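Trainee:
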Amino acid sequence: RIQQMVKLFNIKEFQFYDAFRGYSIPPDAGDDFWHNKAFGRPVRSSILRAYVDEIRAQGGRSWLYVQAAATAPGDTYQQQGFALAGQHVVDNRPLLDAVAPTGPWAEKIAPR
2 RIQQMVKLFN IKEFQFYDAF RGYSIPPDAG DDFWHNKAFG RPVRSSILRA YVDEIRAQGG
62 RSWLYVQAAA TAPGDTYQQQ GFALAGQHVV DNRPLLDAVA PTGPWAEKIA PR
């Protein structure tokens, strides 16, 4: 697939959307499998790595999309000291708590 998208459409930028486990912390480096938080779809790190390797081999770049201004619903530990901007609900269930993006918030989450 990657080779075809590069050859036919000259696509060089690839984003993996909704490949994360939750909104407060990334998956552990050694995790092989998890379900994404939004829709419960299975995610395998070996498949992500294979795609990343092929994208790199084709001269492209890739990244995981992360929600930089959110936490898991009710994660009072991560939210402590920061203003909430609301809650995102999907299929009548809370998906994430939106955090007002500020410099201090960026400094807190960027190292992760």
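Letter 63 of the sequence shown, counting from 1, is numbered 64 in my numbering, and no numbers are missing. Built from N, CA and C at the ideal position, the CB exists for glycine as well. Bear in mind the structure is a predicted one, so any value in this text is a computation, not a measurement.
If you count every other CB in all the chains shown that lies within 10 Å of the CB of Gly31, and 16 or more means buried, which is it?
Mentor: Here residue 31 refers to the residue found at position 30 of the sequence shown. Looking at its Cβ environment, which holds fewer than 16 other Cβ atoms inside 10 Å, Gly31 is exposed.
Trainee: For Arg22, which residues in the same chain have their Cβ closer than 8 Å to its Cβ, ignoring the five residues on either side in sequence?
Mentor: Within the sequence shown, residue 22 is the residue found at index 21, counting from 1. Closer than 8 Å at Cβ, skipping near neighbours: Pro28, Asp32, Trp35, His36, Asn37, Lys38, Val44.
Trainee: Please classify Ile48 as buried or exposed, where buried requires at least 16 neighbouring CB atoms within 10 angstroms.
Mentor: Working through the sequence shown from its first residue, we reach residue 48 at position 47. Exposed: under 16 other Cβ atoms inside 10 Å.
Trainee: Give me, in chain order, the residues of the same chain whose beta-carbon lies closer than 6 Å to that of Ala84; leave out the 5 immediate sequence neighbours on both sides.
Mentor: In the sequence shown, residue 84 corresponds to position 83, counting from 1. Once the five neighbours on either side are set aside, the close Cβ partners of Ala84 are Ala101.
Trainee: If you run the structure through DSSP and keep just helix, strand and coil, what is Val100?
Mentor: The residue you call residue 100 lines up with position 99 of the sequence shown. Note: Val100 maps to strand in three-state DSSP.
Trainee: Assuming Ala70 and Ala99 make a contact with CB atoms under 8 Å, what is their CB distance in whole Å?
Mentor: Working through the sequence shown from its first residue, we reach residue 70 at position 69. Working through the sequence shown from its first residue, we reach residue 99 at position 98. With 8 Å as the limit, Ala70 and Ala99 qualify as a contact, their Cβ atoms being about 6 Å apart.
Trainee: Using the C-alpha atoms, what's the distance from Lys109 back to Leu65?
Mentor: One-based indexing of the sequence shown puts residue 65 at position 64. One-based indexing of the sequence shown puts residue 109 at position 108. Going from the Cα of Leu65 to the Cα of Lys109 covers about 19 Å.
Trainee: Work out the CA separation of Tyr78 and Asn11 for me, nearest whole Å.
Mentor: The residue labelled residue 11 in the question sits at position 10 within the sequence shown. The residue labelled residue 78 in the question sits at position 77 within the sequence shown. Going by the C-alpha atoms only, they are around 44 Å apart.
Trainee: Rounded to whole angstroms, what is the Cα-Cα separation between Lys13 and Arg2?
Mentor: By one-based count along the sequence shown, residue 13 stands at place 12. By one-based count along the sequence shown, residue 2 stands at place 1. If you take the alpha carbons of Lys13 and Arg2, they lie about 13 Å apart.
Trainee: From what residue to what residue does the alpha helix (DSSP H) around Val7 run?
Mentor: For the purposes of this step, residue 7 is taken as the residue at position 6 of the sequence shown. Per DSSP, Val7 belongs to the alpha helix (DSSP H) from 3-10.
Trainee: Take the Cβ of Tyr18 as the centre, count every other Cβ of all protein chains shown within 10 Å, and call the residue buried at 16 or more, exposed below.
Mentor: The residue labelled residue 18 in the question sits at position 17 within the sequence shown. Exposed, since its Cβ has fewer than 16 Cβ neighbours within 10 Å.
Trainee: According to DSSP, Trp64 sits in a beta bridge with which residue or residues?
Mentor: Taking the sequence shown and counting its residues from 1, one reaches residue 64 at position 63. Gln16, per the DSSP bridge assignment.
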